[in-house]
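Down below is the structure, laid out as structure tokens.
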């Protein structure tokens with residue numbers, strides 16, 4: 003479910019959808035339906051699975067650290083150190 007999550011652009015709505023999907027998977031794993039009216043934190047305690055938002059955040063930070071440690075001259079590290087030019091561009095085509 004989190005394959006490639008390091009590079010995703012996440013919105014609040016998308017994170018909410020991931021959380022809903024994770025809760026549905028946990029309920030299916032335990033064989034619990036919504037009619038049983040068991041609280042989400044109790045289900046999370048039974049499955050002992052970390053929250054998907056926390057997992058994605060951890061993956062993003064791990065990826066950022068990986069890019070910062072690169073020494074082979076790829077563009078990722080240069081982009082992180084890039085500073086835009088100071089001043090205004092002229093109007094019109096170059």
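In my numbering, the protein residues as written are 3 to 96.
We treat Cβ as the ideally placed atom computed from N, Cα and C, and that holds for glycine.
### Query
Which one of 53, 52, 82 has the shortest CA to CA distance from residue 65?
As a working note, residue 65 is residue 63 in the chain shown. Ranking 53, 52, 82 by Cα distance to residue 65 puts 82 first.
### Message
Below 8 Å, is the gap between the Cβ of residue 92 and the nearest heavy atom of the ligand FAD?
### Response
The ligand FAD is absent from the structure shown, which contains no ligand whatsoever.
#### Entry: Reference residue 6; option with closest CA among 58, 48, 72
Start at 1 with the first residue of the chain shown, and residue 6 comes out as number 4. Residue 6 has its Cα closest to that of 58, out of 58, 48, 72.
#### Entry: C-alpha distance - residue 41 paired with residue 63, whole-angstrom precision
Numbered from 1 along the chain shown, position 39 holds the residue referred to as residue 41. Numbered from 1 along the chain shown, position 61 holds the residue referred to as residue 63. When rounded, the distance between both Cα atoms is 30 Å.
### Query
Does the separation of the CB atoms of residue 19 and residue 55 fall below 9 Å?
Here residue 19 refers to the residue found at position 17 when the chain shown is read from its first residue. Here residue 55 refers to the residue found at position 53 when the chain shown is read from its first residue. No; because the gap between Cβ atoms is not below 9 Å, this pair is not in contact.
### residue 61 in three-state terms, based on DSSP
Your numbering for residue 61 matches position 59 in the chain shown. Residue state, collapsed to three classes: helix.
### Range of the contiguous alpha helix (DSSP H) that encloses residue 28
Working through the chain shown from its first residue, we reach residue 28 at position 26. Taken as a continuous stretch (DSSP letters only), the alpha helix (DSSP H) holding residue 28 covers 14 to 32.
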